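For reference, the structure discussed in these notes is given below.
Here is the structure:
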């Protein structure tokens, strides 16, 4: 299975602006990417970063400056149609988002395991946080509510679809409220990074919140 | 296993006030409860409603007017300590929240399966959406961030703890944004109820939203 992790170094996590400086958002995005890559490697697979820009990182990098949907479809097309790849029995492509900071190897194994034409781990807001494609005619279409479109596309081409019921894969880290989840459930370096930035969990007001002891 | 579903008919889903009338919130809360009970039954178990008030419903109802934590702890204490129950080998209590409208029998089986002293399906915001208790000294403490306290309590008494990685069990329906998840992923009557109220998914603005064709 070819595992791709899309990454856009130039637009780091703009919805975290209220709580993080631009440099911090870049650092956080990068650490989340590294956590995701590490989790993929722990499943015994070698991930490739699909980046909008050249990147210094300890992993193969494919640069594609086009929007996410086009870049991912180019990979899906080339892998699921290549006769060479097909005859080796590995014509499956997995696309795992770079901001799934709660990802564990166990959660990814649940994504990789089902033998369906399309496997999706939906994200909050009905997104597609991670998917596996084994059908040569399937194409992605990333946008709000993409899970519904992906389900429809699979149906249109007669592809079998399975969904993976995972809290960890469902939690993309986009907004300040999401940082609570990382501090509580994170098992990788992202939680350490947030603690180094001065974030900690606080429940003195009855409701759990993330507070910051130092300003950006 | 004794499965309890706590329910408070008098305070129906106040955070949904911006989009639903009081009567509608009552109806929705009730339909979500029934979906949860049905999912429990489909696993072959008979759920009991733990209600703050007497309730007409097709299930056994235990009325306990005390706050959630005290009411649940009374059940946990009585089941895990009773010699009669213990000798029958079923001294486990499961507590499943009534607003888990995405719950399926498959998700519940993943909660019921592990043989740990305590099993938790965390919710968004680090809550405890569903748990199983097999240890006589474990006590719940429901509030913001209860997952962290439950983990600490298990640790303090030397109880083994497993977490269940489930998007469905992690999604309690509290806020208007949560209705999108029900319409996209719901498999029970709650999604139908929202459609009858006039809600539908709309992605014309690029981002998926729930819109309402009729006013409350």
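Residue numbers (our numbering), protein chains in the order written: chain A, 506 to 721; chain B, 506 to 721.
A virtual CB, placed ideally from N, CA and C, is assigned to each residue, including glycine.
Bear in mind the structure is a predicted one, so any value in this text is a computation, not a measurement.
Check: Is residue 606 (chain A) closer than 8 angstroms to residue 652 (chain B) when the C-beta atoms are compared?; Outcome: no
Check: Can you list the residues of chain A that residue 681 (chain B) reaches, using a CB-CB cut of under 9 angstroms?; Outcome: Simply none; closest approach about 13 angstroms.
Check: Whose CA, out of B:623, B:684, B:577 and B:586, lies closest to the CA of residue 707 (chain B)?; Outcome: B:684
Check: Name the one or two DSSP bridge partners that residue 507 (chain A) has.; Outcome: A:598
Check: How many whole angstroms separate the CB atoms of residue 496 (chain A) and residue 557 (chain A), which I take to be in contact at a CB cut-off of 8 angstroms?; Outcome: Outside the shown range of chain A, which is 506 to 721, sits residue 496 (chain A), and nothing can be said about it.
Check: I want to verify the contact list: residues of chain A whose CB lies under 7 angstroms from the CB of residue 672 (chain B), in sequence order.; Outcome: 627, 670, 671, 672 and 675
Check: Where does the unbroken beta strand (DSSP E) through residue 634 (chain B) begin, and where does it stop?; Outcome: 632 to 638
Check: If you drop the 5 nearest sequence neighbours on each side, which residues of the same chain put their C-beta closer than 8 angstroms to that of residue 650 (chain A)?; Outcome: 630, 631 and 632
Check: Taking just the CA atoms, how far does residue 691 (chain A) sit from residue 554 (chain A)?; Outcome: 22 angstroms
Check: Take every Cβ of the stretch 517 to 527 of chain A, pair it with every Cβ of the stretch 561 to 579 of chain A, and state whether three or more of those distances are shorter than 8 angstroms.; Outcome: no
Check: Can you list the beta strand (DSSP E) stretches of 3 or more residues lying completely in the stretch 681 to 707 of chain A, in chain order?; Outcome: 704 to 707
Check: Check whether the Cβ atoms of residue 672 (chain B) and residue 670 (chain A) sit closer than 8 angstroms, and answer yes or no.; Outcome: yes
Check: Residue 690 (chain A) touches chain B at which residues, Cβ-Cβ below 9 angstroms?; Outcome: 627, 631, 652 and 668
Check: Determine whether the Cβ of residue 687 (chain A) lies closer than 8 angstroms to any Cβ atom of chain B.; Outcome: no
Check: Is any heavy atom in the ligand FAD found nearer than 7 angstroms to the beta carbon of residue 667 (chain B)?; Outcome: Judged by which ligands are present, the structure shown has none, so any question about the ligand FAD falls away.
Check: Skipping 5 residues on each side, what residues in its chain have a beta carbon closer than 6 angstroms to that of residue 509 (chain A)?; Outcome: 553, 555, 580 and 600
Check: Would residue 547 (chain A) and residue 641 (chain A) qualify as a contact pair, given that the criterion is a beta-carbon distance under 8 angstroms?; Outcome: no
Check: What would DSSP say about residue 717 (chain B), mapped onto helix, strand or coil?; Outcome: strand
Check: Residues of chain A with CB closer than 9 angstroms to the CB of residue 612 (chain B), please, in chain order.; Outcome: 670
Check: Do you know whose CA, among A:617, A:528 and A:511, lies nearest residue 573 (chain A)'s CA?; Outcome: A:511
Check: Hey, how far is the Cα of residue 534 (chain A) from the Cα of residue 717 (chain B)?; Outcome: 36 angstroms
Check: Report the rounded CA-to-CA distance for residue 604 (chain B) versus residue 517 (chain B), giving the unit in angstroms.; Outcome: 10 angstroms
Check: Tell me where the beta strand (DSSP E) around residue 628 (chain A) begins and ends.; Outcome: 623 to 628
Check: Measure the beta-carbon distance from residue 584 (chain B) to residue 596 (chain B) and round it to whole angstroms, keeping in mind my assumption that it falls under 8 angstroms.; Outcome: 6 angstroms
Check: Tell me the DSSP secondary structure of residue 554 (chain B) in three-state form.; Outcome: strand
Check: Does any C-beta atom of chain A lie closer than 8 angstroms to the C-beta of residue 693 (chain B)?; Outcome: no
Check: State yes or no: is the beta carbon of residue 706 (chain B) nearer than 8 angstroms to at least one beta carbon in chain A?; Outcome: yes
Check: So, are the CB atoms of residue 616 (chain A) and residue 666 (chain A) less than 8 angstroms apart?; Outcome: no
Check: Using DSSP with H/G/I as helix, E/B as strand and the rest coil, what is residue 527 (chain B)?; Outcome: helix
Check: Got a sec, what are the start and stop residues for the alpha helix (DSSP H) residue 560 (chain A) sits in?; Outcome: That residue, residue 560 (chain A), is in no alpha helix (DSSP H); it is neither H nor E in DSSP.
Check: Going by DSSP in three states, residue 548 (chain B) sits in which element: helix, strand or coil?; Outcome: coil
Check: Just verifying my parser: in three-state terms, what is the DSSP assignment at residue 607 (chain A)?; Outcome: coil
Check: Output needed for residue 619 (chain A): all residues of its chain with C-beta closer than 6 angstroms, excluding positions within five of it in sequence on either side, in chain order.; Outcome: 667
Check: If you count every other CB in all the chains shown that lies within 10 Å of the CB of residue 657 (chain B), and 16 or more means buried, which is it?; Outcome: exposed
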